[in-house]
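Asker:
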Amino acid sequence: MKDFCTVPKSTSTQMGDLPATQFEFSTQSKSLTTRLIYAFQGKKQYFLRCQWNADGQETIPGACDMVAESFKPN
């Protein structure tokens, strides 16, 4: 049986100073999590994708937060 995930609802967040939308997907077994953050500045789209399994649970989500918080578009 395949380990599918359901599509989550979006949440509002920030990517640097830009308003952003975040989605976080997890497989049913929680063996893999993916966080997607989308932000727009005019016609430019920026996105951040972070993915981790159980081995990365302690470091990747926090690192993903740090990248999103410190993001500065060119």
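Under our numbering, the residue at position 14 of the sequence shown is numbered 15, and the numbers go up by one with no gaps.
Using N, Cα and C, we set each Cβ at its ideal position, and we do this for glycine too.
Source: prediction; values computed, not measured.
#1: Please tell me whether residue 11 and residue 26 are closer than 7 Å, where the distance is taken between their beta carbons.
#2: Using a 10 Å radius around the Cβ and a threshold of 16 neighbouring Cβ atoms, would you call residue 16 buried or exposed?
#3: Pick out whichever of 53, 71 and 63 has its Cα sitting closest to the Cα of residue 28.
#4: Near residue 65, what residues of its chain come up, given a Cβ to Cβ distance below 6 Å and the 5 sequence neighbours on each side ignored?
#5: Which stretch, first to last residue, makes up the alpha helix (DSSP H) that contains residue 59?
#6: Buried or exposed: which applies to residue 21, given that a residue is buried once 16 or more other Cβ atoms fall within 10 Å of its Cβ?
Answerer: If we stick to the structure as given:
#1: no
#2: buried
#3: 53
#4: 36 and 51
#5: Unbroken run through residue 59: none, as it is neither H nor E.
#6: buried
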